[in-house]
Amino acid sequence: MILEKALKILEQPMCDQCLGRQFGQLLHGYTNEQRGHLIRTIAAMAIDQEKANPTVDYANFTEFTFHNRDEKKAQKKPCSACNGLFEKLETWIAKAYKKAGKLEFKTFLIGTKPPFALVATEEQLWERVGIDYCEPLNAQINREVGKQLEKQFHAKFDPKRPDVAFLLNMDSNTVDIHVNPLFIAGEYQKLKRGIPQTRWPSGKYRTSVEQIIAKPYMKTTKGTGHKLHAMGREDIDARCLGWRPFILEILEPVTRTIDLKKLAKKIGKEVRVQHLRYATINDVRTLKEAHPDKTYRIFVMTKESFDKKDIKKLATLKEIRQQTPTRVQHRRADKRRIRHVRQIKARVVNKKTLELIVRAEAGLYIKELITGDNGRTVPCVSDILGKSCTFRDLDVLAIHF
Numbered sequence: 537m538i539l540e541k542a543l544k545i546l547e548q549p550m551c552d553q554c555l556g557r558q559f560g561q562l563l564h565g566y567t568n569e570q571r572g573h574l575i576r577t578i579a580a581m582a583i584d585q586e587k588a589n590p591t592v593d594y595a596n597f598t599e600f601t602f603h604n605r606d607e608k609k610a611q612k613k614p615c616s617a618c619n620g621l622f623e624k625l626e627t628w629i630a631k632a633y634k635k636a637g638k639l640e641f642k643t644f645l646i647g648t649k650p651p652f653a654l655v656a657t658e659e660q661l662w663e664r665v666g667i668d669y670c671e672p673l674n675a676q677i678n679r680e681v682g683k684q685l686e687k688q689f690h691a692k693f694d695p696k697r698p699d700v701a702f703l704l705n706m707d708s709n710t711v712d713i714h715v716n717p718l719f720i721a722g723e724y725q726k727l728k729r730g731i732p733q734t735r736w737p738s739g740k741y742r743t744s745v746e747q748i749i750a751k752p753y754m755k756t757t758k759g760t761g762h763k764l765h766a767m768g769r770e771d772i773d774a775r776c777l778g779w780r781p782f783i784l785e786i787l788e789p790v791t792r793t794i795d796l797k798k799l800a801k802k803i804g805k806e807v808r809v810q811h812l813r814y815a816t817i818n819d820v821r822t823l824k825e826a827h828p829d830k831t832y833r834i835f836v837m838t839k840e841s842f843d844k845k846d847i848k849k850l851a852t853l854k855e856i857r858q859q860t861p862t863r864v865q866h867r868r869a870d871k872r873r874i875r876h877v878r879q880i881k882a883r884v885v886n887k888k889t890l891e892l893i894v895r896a897e898a899g900l901y902i903k904e905l906i907t908g909d910n911g912r913t914v915p916c917v918s919d920i921l922g923k924s925c926t927f928r929d930l931d932v933l934a935i936h937f
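In the numbering used here, the protein residues as written are 537 to 937.
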């Protein structure tokens with residue numbers, strides 16, 4: 537069956553690479569070029585025995601001398617499947633190397649868009665001889681170019697987690713590069729109020745946690761942009777004294793090997809970071825899926841007065857029915873959620889001020905837990921105490937991840 541298929545293929549001029557590709561899924565440990573040479577040799581032997589199809593193109597056998605055939609030596613022809621493409625791969629390797637320029641990367645991926653005419657020719661061949669055991673043209677180009685680029689760049693071909701991806705477009709005679717982001721994971725504290733977590737589109741705030749953290753890393757990596765992914769977010773007017781996990785995504789970095797800890801020292805005093813490490817896109821997904829409890833501190837105030845009896849009453853705050861707060865309705869779906877207060881501790885600071893330490897389920901809005909938000913959060917501190925309450929100085933003390 538293999539010999540029969542090979543002889544059909546050899547009715548057209550075929551190089552060893554492309555002949556071997558048609559049997560690429562047979563025999564581990566051989567290159568397609570080696571497979572092609574073996575199959576061509578066996579086919580030549582069968583022809584010399586006069587047991588083979590004489591309709592083969594003898595341009596496929598210019599390296600052989602037959603005992604039982606007196607045909608004149610045929611002239612070698614270009615391969616009908618690749619048109620000599622594999623002999624020209626050095627040109628594409630040089631293009632890819634030049635395109636990479638000063639990009640630093642440890643892993644890469646190759647993608648190829650072969651000439652449309654060759655794709656059509658390959659499909660016609662498969663219709664004639666079948667597709668059993670074959671390997672497509674672009675797969676072999678990717679592998680052969682990849683092997684050479686591994687040597688030139690001292691990098692590894694990695695289809696799962698490439699730092700960069702090369703696209704060889706053989707119709708337009710171009711090489712494009714897609715540079716994948718660099719992900720840096722860590723934990724941050726926000727020590728100053730009035731700073732949003734991410735860049736404010738309107739420019740209302742001069743900076744953000746994202747911009748403060750990103751600045752030294754952007755300068756060193758020469759990236760084109762950045763995004764901050766975090767395990768939740770604190771309000772602009774709140775501090776985050778507990779360490780919040782985050783991942784900084786740097787777009788299209790030129791440099792990827794950097795001293796994470798050294799650069800962390802260049803971050804301003806308003807934000808601190810720790811436990812820095814390199815991360816992946818899968819880590820971003822894991823971060824986004826996490827919904828840990830959080831512990832808050834908030835000061836509650838009233839025009840009336842607080843006493844120790846009020847502290848006991850607060851212990852009844854357990855299950856909270858919370859409609860989307862009025863202040864975030866413009867960017868959140870308006871729906872009712874059930875959230876839980878895990879623990880609440882209170883301390884009378886003075887007659888008109890309580891200090892609350894609240895551990896709450898993820899998604900519970902703490903400010904509205906105090907005021908009730910005109911009946912949208914039930915029960916609330918104001919209702920439980922029977923006093924109109926306001927608040928100040930909200931801090932996130934811990935994220936329990």
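The beta carbon of each residue, even a glycine, is placed where N, CA and C say it ideally should be. Treat the numbers as computed from the prediction; the structure is a model and nothing was measured.
Spatial neighbours of residue i in its chain, beta-carbon cut-off 8 Å, leaving aside the 5 residues before and after
i: residue 689; result: 633, 636, 641, 644
i: residue 819; result: 719, 721, 783
i: residue 880; result: 850, 851, 853, 892, 893, 894, 895
i: residue 639; result: 700, 713, 715, 790
i: residue 662; result: 670
i: residue 794; result: 753, 756, 757
i: residue 792; result: 640, 641, 642, 699, 718, 757
Closest residue to residue i among the options (Cα-Cα distance)
i: residue 771; options: 935, 572, 931; result: 931
i: residue 839; options: 742, 723, 755, 922; result: 922
i: residue 824; options: 805, 590, 578, 898; result: 898
i: residue 856; options: 621, 834, 880, 905; result: 905
i: residue 778; options: 934, 869, 679; result: 934
i: residue 754; options: 819, 718, 540, 774; result: 718
i: residue 773; options: 827, 917, 929, 551; result: 929
i: residue 821; options: 703, 767, 701, 834; result: 767
i: residue 902; options: 861, 780, 740, 795; result: 861
i: residue 729; options: 738, 743, 723; result: 743
i: residue 709; options: 865, 574, 631, 678; result: 631
i: residue 667; options: 545, 741, 912, 913; result: 545
i: residue 817; options: 787, 723, 583, 909; result: 787
Range of the contiguous alpha helix (DSSP H) that encloses residue i
i: residue 925; result: Per DSSP, residue 925 belongs to no alpha helix (DSSP H); it is in the beta strand (DSSP E), 925-936.
i: residue 669; result: No alpha helix (DSSP H) contains residue 669, which DSSP labels as neither H nor E.
i: residue 712; result: Careful: residue 712 lies outside any alpha helix (DSSP H), inside the beta strand (DSSP E) at 710-715.
i: residue 917; result: 917-921
i: residue 625; result: 625-636
i: residue 757; result: 745-757
For residue i, three-class secondary structure by DSSP
i: residue 789; result: coil
i: residue 906; result: helix
i: residue 571; result: helix
i: residue 820; result: helix
i: residue 794; result: coil
i: residue 641; result: coil
i: residue 678; result: helix
i: residue 611; result: coil
i: residue 662; result: helix
i: residue 863; result: helix
i: residue 855; result: strand
i: residue 842; result: coil
i: residue 695; result: coil
i: residue 543; result: helix
i: residue 601; result: coil
i: residue 900; result: coil
i: residue 657; result: helix
i: residue 683; result: helix
Sequence-distant residues of the same chain with beta carbon closer than 7 Å to residue i, five excluded per side
i: residue 802; result: 752
i: residue 826; result: 767, 937
i: residue 573; result: 552
i: residue 697; result: 643, 816
Start-to-end residues for the beta strand (DSSP E) that takes in residue i
i: residue 762; result: 761-766
i: residue 724; result: 718-726
i: residue 495; result: There is simply no residue 495 to check, as the chain begins at 537 and stops at 937 in what is shown.
i: residue 559; result: First-last for residue 559: undefined, no H or E at that position.
i: residue 548; result: Here residue 548 belongs to no beta strand (DSSP E), and DSSP marks it neither H nor E.
i: residue 809; result: 807-815
i: residue 832; result: 829-838
i: residue 885; result: 872-886
i: residue 890; result: 889-896
i: residue 701; result: 700-705
Contact set for residue i: own chain, Cβ-Cβ below 6 Å, skip 5 residues either direction
i: residue 831; result: 895, 933, 934
i: residue 671; result: 557, 560
i: residue 554; result: 615, 617, 618
i: residue 600; result: 580
i: residue 925; result: 836, 838, 906, 917, 918
i: residue 622; result: 553
Quick check: the segment 882-891 against the segment 853-867, are at least 3 beta-carbon pairs closer than 8 Å?
no
Three or more C-beta pairs below 8 Å linking the segment 862-873 and the segment 807-814:
no
Please confirm if the segment 611-624 is in contact with the segment 754-768, defined as three or more CB-CB distances below 8 Å between the two stretches.
no
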